[in-house]
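Quick notes on the structure that follows.
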Amino acid sequence: MFRRLQPDDSSATIYFDGRAIRCRPGESVAAALLAAGVDRFRTTPVGGAGRMPYCMIGVCFDCLVEIDGQADRQACLVPVADGMTVRSQDGTGRFGIQ
Amino acid sequence: MTRTDVIVIGGGIHGCCTALHLARRGLKPIVLEKNTVGRHASGVNAGGVRQLMRHTAEIPLSMAAMDAWERLDALLGPELAANCNFVGGVGQIGIAESAQELAWCRERVAEMRALGYDFEELIDADELKRLVPSVADICRGGIVSRRDGHANPFRTTQSFRLRAEQLGARILERTRVTGLEQGDGGWTVTTDRGTFGADIVVNCGGAWAWQAGAMVGEHFPKSHFASTLMVTSRMPHFIDPVVIGIDRVLSFKQTEAGTVVIGGGILGDPDLDAETAETVSDRMMESAATVYEFFPILRQATIVRTWAGLEALMPDVIPVIGPSRVASGLWHAFGFSGHGFQLGPIVGSVIADLIVDGVSPLPIAAFSPTRFTAEGKLRPPAQ
Amino acid sequence: MTHLQRESCELAIVGGGPAGLAAATLAAELGVETVLFDEQSAPGGQVYRNVEANAPRHDALAAILGGDYAGGLALVRAFRASGAAYEPESAVWQVAASGKVGVSRGGRAYLTRAQRVVLATGAMERPVPVPGWTLPGVMGAGAVQTLMKASGIVPDRPVVLAGCGPLLYLVAVQLVRANAPLVAVVDTSAATLAGTVRAALPLLPAFAGDLAKGLSWIATLKARRIPIHKGSRLVVEGTGRVEAVTFDSGGRRVRIATSLLLLHEGVIPNNQVTTSLRCKHVWNVAQAAWRPETDPFGATSSARVAVAGDGAGIGGARAAVHRGRLAALDAAFRLGRIGRDERDARARPERTALAREARLRAFLDRVYRPAEAVRPLDDDTLACRCEEVSAGELRGLIAEGFTDLNQLKSFSRCGMGQCQGRMCAGTVGRILAEGLATDMAAVGHYRLRIPVKPLPLAELAELGHADRNDKPVLEVADGDPSQRI
Ligand SMILES: Cc1cc2nc3c(=O)[nH]c(=O)nc-3n(C[C@H](O)[C@H](O)[C@H](O)COP(=O)(O)OP(=O)(O)OC[C@H]3O[C@@H](n4cnc5c(N)ncnc54)[C@H](O)[C@@H]3O)c2cc1C
Ligand SMILES: Cc1cc2nc3c(=O)[nH]c(=O)nc-3n(C[C@H](O)[C@H](O)[C@H](O)COP(=O)(O)OP(=O)(O)OC[C@H]3O[C@@H](n4cnc5c(N)ncnc54)[C@H](O)[C@@H]3O)c2cc1C
Ligand code: FES
Numbered sequence: 001m002f003r004r005l006q007p008d009d010s011s012a013t014i015y016f017d018g019r020a021i022r023c024r025p026g027e028s029v030a031a032a033l034l035a036a037g038v039d040r041f042r043t044t045p046v047g048g049a050g051r052m053p054y055c056m057i058g059v060c061f062d063c064l065v066e067i068d069g070q071a072d073r074q075a076c077l078v079p080v081a082d083g084m085t086v087r088s089q090d091g092t093g094r095f096g097i098q
Numbered sequence: 001m002t003r004t005d006v007i008v009i010g011g012g013i014h015g016c017c018t019a020l021h022l023a024r025r026g027l028k029p030i031v032l033e034k035n036t037v038g039r040h041a042s043g044v045n046a047g048g049v050r051q052l053m054r055h056t057a058e059i060p061l062s063m064a065a066m067d068a069w070e071r072l073d074a075l076l077g078p079e080l081a082a083n084c085n086f087v088g089g090v091g092q093i094g095i096a097e098s099a100q101e102l103a104w105c106r107e108r109v110a111e112m113r114a115l116g117y118d119f120e121e122l123i124d125a126d127e128l129k130r131l132v133p134s135v136a137d138i139c140r141g142g143i144v145s146r147r148d149g150h151a152n153p154f155r156t157t158q159s160f161r162l163r164a165e166q167l168g169a170r171i172l173e174r175t176r177v178t179g180l181e182q183g184d185g186g187w188t189v190t191t192d193r194g195t196f197g198a199d200i201v202v203n204c205g206g207a208w209a210w211q212a213g214a215m216v217g218e219h220f221p222k223s224h225f226a227s228t229l230m231v232t233s234r235m236p237h238f239i240d241p242v243v244i245g246i247d248r249v250l251s252f253k254q255t256e257a258g259t260v261v262i263g264g265g266i267l268g269d270p271d272l273d274a275e276t277a278e279t280v281s282d283r284m285m286e287s288a289a290t291v292y293e294f295f296p297i298l299r300q301a302t303i304v305r306t307w308a309g310l311e312a313l314m315p316d317v318i319p320v321i322g323p324s325r326v327a328s329g330l331w332h333a334f335g336f337s338g339h340g341f342q343l344g345p346i347v348g349s350v351i352a353d354l355i356v357d358g359v360s361p362l363p364i365a366a367f368s369p370t371r372f373t374a375e376g377k378l379r380p381p382a383q
Numbered sequence: 001m002t003h004l005q006r007e008s009c010e011l012a013i014v015g016g017g018p019a020g021l022a023a024a025t026l027a028a029e030l031g032v033e034t035v036l037f038d039e040q041s042a043p044g045g046q047v048y049r050n051v052e053a054n055a056p057r058h059d060a061l062a063a064i065l066g067g068d069y070a071g072g073l074a075l076v077r078a079f080r081a082s083g084a085a086y087e088p089e090s091a092v093w094q095v096a097a098s099g100k101v102g103v104s105r106g107g108r109a110y111l112t113r114a115q116r117v118v119l120a121t122g123a124m125e126r127p128v129p130v131p132g133w134t135l136p137g138v139m140g141a142g143a144v145q146t147l148m149k150a151s152g153i154v155p156d157r158p159v160v161l162a163g164c165g166p167l168l169y170l171v172a173v174q175l176v177r178a179n180a181p182l183v184a185v186v187d188t189s190a191a192t193l194a195g196t197v198r199a200a201l202p203l204l205p206a207f208a209g210d211l212a213k214g215l216s217w218i219a220t221l222k223a224r225r226i227p228i229h230k231g232s233r234l235v236v237e238g239t240g241r242v243e244a245v246t247f248d249s250g251g252r253r254v255r256i257a258t259s260l261l262l263l264h265e266g267v268i269p270n271n272q273v274t275t276s277l278r279c280k281h282v283w284n285v286a287q288a289a290w291r292p293e294t295d296p297f298g299a300t301s302s303a304r305v306a307v308a309g310d311g312a313g314i315g316g317a318r319a320a321v322h323r324g325r326l327a328a329l330d331a332a333f334r335l336g337r338i339g340r341d342e343r344d345a346r347a348r349p350e351r352t353a354l355a356r357e358a359r360l361r362a363f364l365d366r367v368y369r370p371a372e373a374v375r376p377l378d379d380d381t382l383a384c385r386c387e388e389v390s391a392g393e394l395r396g397l398i399a400e401g402f403t404d405l406n407q408l409k410s411f412s413r414c415g416m417g418q419c420q421g422r423m424c425a426g427t428v429g430r431i432l433a434e435g436l437a438t439d440m441a442a443v444g445h446y447r448l449r450i451p452v453k454p455l456p457l458a459e460l461a462e463l464g465h466a467d468r469n470d471k472p473v474l475e476v477a478d479g480d481p482s483q484r485i
């Protein structure tokens, strides 16, 4: 879907649903996932529809994912950190409830 | 001038329910609501349907209301009843964390037994854990009222309104009562949308009800407060009962949608003239901290919205229900002091009985307007 | 993360775009103790996002983004040098009328007391509800531009741009420069080329530069043979993700296959904070959006709070700078740093410059009126993305007798989701206004309360706070719990 203009500055790694993704330190989690071809960040709690970022500036909340165990995080606002664990958020998210 | 037999001031749950019952008894009530139906306390409350830990004077009324909640079908018809999202039988639980709280629970249950009520039960930590598996281990037990539950306040008030209309009541929104005058031909009710004539007026004005009293020179406490709720994003289903604190600031439930509604009497800043209220973040900390401590699951919850509703507050925290002490043909039903939603289905029937039959089968002496002085102060208790 | 949790400041500025940067820079120069809070990790706002890192690079990305973008660097540098404190990655979730500002940073929330607040929260892209707009692969045009600025990421699969407004064409040109496979532009504006030229004539010669730039964008697209369709009644097709967009054009239905559909119909003020403060708002007919009512310095009806930049009504990045400075002058005056005469004297050139910008804005507003008429909002279009409430469901409720925006919200849950109504407020308002055959001004907007950004419960529970002389809960009857409310 997207490509990087400078692929070589991807020196950080995050894990999305178990898969390692190389990304640029300081960029948003959403940018990292989109660059890696992820087009389903979450499913909606009401209808179960797949969603991906719409606004990229923190207003639409369609980029919600679970980051390091915390549900409902806005991927477009949270900067990546090396080793970060990200999970797609299904429905309401897990909130530690299985 | 529009003439009818009864004018009801206020389109909250009590105004709508009063109109519903009056219409059932063959009258043609008109409800005058200055904003929209359910705009205030009735539409924005926490939806708790609670007999648990009520003031003993309210218990007969609350029990009768509980019967009505369980038979909403009969009152509203199946479709409107379903619309209320009433969930009964999940119970409301007062959670005790300290030994003192547990001791208080024991006393309370004993007192209730002595009065002949057995719907409040003492529970130990095991039973608490069985009812609420997500509760933290620091909680030692508490009191449960098993028939209790919750409903969607806005939808419920709306259903009462629609039922009242089906039965022939009229509801006029954006119509503010500005004057009440009694003459030979009955009451003249002035509004910003014309004048109405009626034989009887019922004051269900909620936080503003004292103003309607003042229009006829009958004074009540002007006190009111803004009660605050916080609500989380949708979460996976994890709890059925409604839980409240004993000494701790705590009250929450999970709605049908999965959101968790958290309250507990947190004060907002009321603005009666602007007819709204602000929520104040510093005052929410304690409640947030308690739910978080008692329910580790909520550690990850996100608060999406807060709001506050305006509610009348009587110094003895029980409502005013009964005939005016200065004028005939004027009845009051207000002052529910933060817990009047559960009484929603019953107070209107009491008022209708009083108007049509002259008596109510339910004990309501404690709620009489005569407990206030001419200046509107609460008289000291009789004995 | 360690950071200072400020107890108080004289002036809090929310937002680090051109308005906030200019306001902070000038206020600090005038001796006002100023703190700027911004949700992003670097200053620049939407227009100059990440400019400090990108502008000096003289590389492919800088060339793609263009000279206007690089111009933001001067603003950021002046801000950095001004002495104003900067709090990045700090989301403001409350501004109380008392001046208490609630901030969340690094997983902790705190309250800081500000004597005055300037809101420079800018704009967001107007949501474009068309059938299928929630499918993955549909994004805002500005959203993809943000990806370019923030991360140097560009589309590499077929992309279609649809909508109207200058930003649509700017993004089209940036995509072309980036060699992204731009398949087509679908222009939904009602304006004709001839009409646009006629409307533009009075702006010459004053705005020759801006108009030439606009023309050069069109020329670039033409040179690259990017088809520009006039289109209406957009529908997004696809199962699971976008596969194609269809629209009416020249009397027939056109279908274009694409992997990315970028929608854009201009930007609207981001006014959650002023709404939560119950500031007076007016419906701006020309921009089809609410804006807070302000005096010439940006002061709102809330005594301590001013708004600057696009948050006070869309004016563009240059206007945002002047409006930021006006707000700073007024803050310095009200805080006793400068006298009224000095404030007014220094305000004069800013006013003159603003008046000039206003002429260009009026032209843009006229030519790029959002395409309500060509966007019929079919019953099955989702108005509320979060709670998935369709236009048809809302119309049904209106037919049943609902007459108030907040009633629709209470009943259907539209506007109750995580975006707190940002994405649906305008659409639900429009549906209600149409249903009642009235206008937007009459239907009003959602009632909003804090938090203006969702706030983790844990942060609220551990809120560091400035004072606690308040009684938090109602106490009745000597604490006898049986008389609890
Ligand atoms: C946040 C909150 C949470 C609560 N939680 C619970 C709970 O969980 N369980 C529970 O049992 N109770 C709860 N309550 C209390 C409950 O909501 C109220 O006791 C109940 O709704 C009162 O109903 P009412 O009809 O008397 O008042 P309202 O709903 O306030 O209705 C009064 C109406 O009268 C109208 N009015 C007033 N004056 C005039 C006039 N002059 N002309 C025309 N119209 C007029 C007003 O506009 C208003 O709509 C809560 C209350 C709040 C605020
Ligand atoms: C996605 C997007 C891209 C755009 N691109 C361009 C462009 O390329 N060229 C152009 O001329 N115009 C562009 N615009 C229009 C542009 O936004 C404005 O004209 C200009 O940026 C307005 O400046 P401002 O200072 O008012 O606000 P902005 O630049 O929007 O800055 C507002 C800042 O406030 C912050 N903020 C908002 N709410 C909060 C909060 N609650 N807490 C903390 N921080 C907060 C935001 O993160 C942002 O940094 C774009 C708009 C959008 C929405
Ligand atoms: S993409 Fe819209 S909030 Fe993150």
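Protein chains in written order, with UniProt numbering: chain A, 1 to 98; chain B, 1 to 383; chain C, 1 to 485.
Glycine included, C-beta positions come from ideal geometry on N, C-alpha and C.
These numbers were taken from a predicted model, which means no experiment stands behind them.
### Task
Indicate whether L180(B) and M230(B) have their beta-carbon atoms separated by less than 8 Å.
no
### Query
Would V197(C) pass as a contact of A180(C) if the rule is Cβ separation under 8 Å?
no
### Query
How about E311(B): is its Cβ closer than 7 Å to a heavy atom in ligand 1?
yes
### Task
Look up R366(C) in the DSSP assignment and say whether it is helix, strand or coil.
Correct three-state label for R366(C): helix.
### Query
Which term fits G336(C), buried or exposed, when burial requires 16 or more other beta carbons within 10 angstroms of its beta carbon?
Note on G336(C): under 16 other CB atoms within 10 angstroms of its CB, so exposed under the neighbour-count rule.
### Message
Using C-beta distances below 6 Å, list every residue in its chain close to V95(C), excluding the 5 sequence neighbours before and after it, in chain order.
### Response
Taking C-beta separations shorter than 6 Å and ignoring five residues to either side along the sequence, the partners of V95(C) in its chain run V101, V117, V273, following chain order.
### Message
Distance cutoff 8 Å, beta carbons only. Does residue 137(A) sit that close to anything in chain B?
### Response
Any property of residue 137(A) remains undetermined from this structure, which presents chain A solely from 1 to 98.
### Message
Just verifying my parser: in three-state terms, what is the DSSP assignment at M215(B)?
### Response
helix
#### Entry: Residues that T239(C) contacts on chain A, provided the C-beta gap is smaller than 7 Å
Those do not exist, as T239(C) stays about 10 Å from chain A at its closest Cβ, beyond 7 Å.
### Task
List the whole-angstrom C-beta distance separating H332(B) from G322(B), where the pair is believed to meet the contact cut-off of C-beta under 8 Å.
6 Å
### Query
When you compare only the Cα positions, how much space is there between P481(C) and D316(B)?
Residue placement at P481(C) is poorly supported in this model, since its pLDDT is 45, which falls under 50; the coordinates still yield a value, given next. Their backbone Cα atoms lie some 13 Å apart in a straight line.
### Task
For N203(B), name the three-state secondary structure that DSSP assigns.
strand
### Query
For R94(A), which residues in chain B fall below 8 Å Cβ to Cβ?
For R94(A), the neighbours in chain B by C-beta distance under 8 Å run, in chain order, P236.
### Query
How long is the line joining the alpha carbons of D8(A) and A36(A), rounded to whole angstroms?
14 Å
### Query
Should Q74(A) be counted as a contact of ligand 3 given a C-beta to heavy atom distance under 7 Å?
yes
#### Entry: Coil, strand or helix - D310(C) by DSSP
helix
#### Entry: chain B residues whose Cβ lies nearer than 7 Å to that of A71(A)
Q300
### Message
Nearest by alpha-carbon distance to E462(C): which of P369(B), V291(B), L378(B) is it?
### Response
V291(B)
### Task
Look at the alpha carbon of P18(C) and the alpha carbon of V47(C), and state the distance between them as a whole number of angstroms.
Those two C-alpha atoms are separated by around 8 Å.
### Closer than 8 Å at the beta carbon, the chain B residues around P45(A)
R234, G258
#### Entry: chain C residues whose Cβ lies nearer than 8 Å to that of Y117(B)
Within 8 Å Cβ-Cβ: nothing; Y117(B) doesn't reach chain C, min ~12 Å.
### Task
Return the Cβ separation of P45(A) and G91(A) in integer angstroms, given the expectation that the two are a contact with Cβ distance under 8 Å.
4 Å
### Query
Which one of T134(C), A199(C), L397(C), T34(C) has the shortest CA to CA distance from R366(C)?
A199(C)
#### Entry: Start-end ranges of the alpha helix (DSSP H) lying completely within the stretch 41-104 of chain C, minimum 4 residues
51-54, 60-65, 67-70, 72-81
#### Entry: 4-residue-minimum alpha helix (DSSP H) runs that sit fully inside the stretch 84-159 of chain B, ordered along the chain
99-114, 125-131
### Task
Please find out if some non-hydrogen atom of ligand 3 comes closer than 7 Å to the beta-carbon of C386(C).
no
### Contacts that I67(A) makes with chain B (C-beta to C-beta distance below 9 Å)
Per Cβ cutoff of 9 Å: no residues; I67(A) is ~11 Å from chain B at best.
### Message
Quick check: the Cα distance between N469(C) and R283(B), rounded to an integer number of angstroms?
### Response
Any answer about N469(C) is weak, because its pLDDT of 48 lies below 50 and its placement is not dependable; what the coordinates show is given next. Distance between the alpha carbons of N469(C) and R283(B) is about 10 Å.
### Task
Please list the partners that M84(A) has in chain C, where partner means a Cβ-to-Cβ separation under 8 Å.
By Cβ distance, chain C contributes nothing, its closest Cβ being about 14 Å from M84(A), past 8 Å.
### Task
Could you say which of G38(B), V44(B), A57(B), I138(B) lies nearest to S368(B) if we only look at CA atoms?
The shortest C-alpha to C-alpha distance from S368(B) to any of G38(B), V44(B), A57(B), I138(B) is the one to A57(B).
### Task
Go through its chain and collect everything with a Cβ distance to E343(C)'s Cβ below 6 Å, but skip five positions before and after it.
It is worth fixing the name first, because residue 343(C) is Arg in this sequence and not Glu. These residues qualify, in order along the chain: L329, F333.
### Task
Would you tell me roughly how many angstroms separate the C-alpha atoms of H237(B) and T134(C), rounded to the nearest one?
Answer to the nearest angstrom: the Cα atoms are 26 Å apart.
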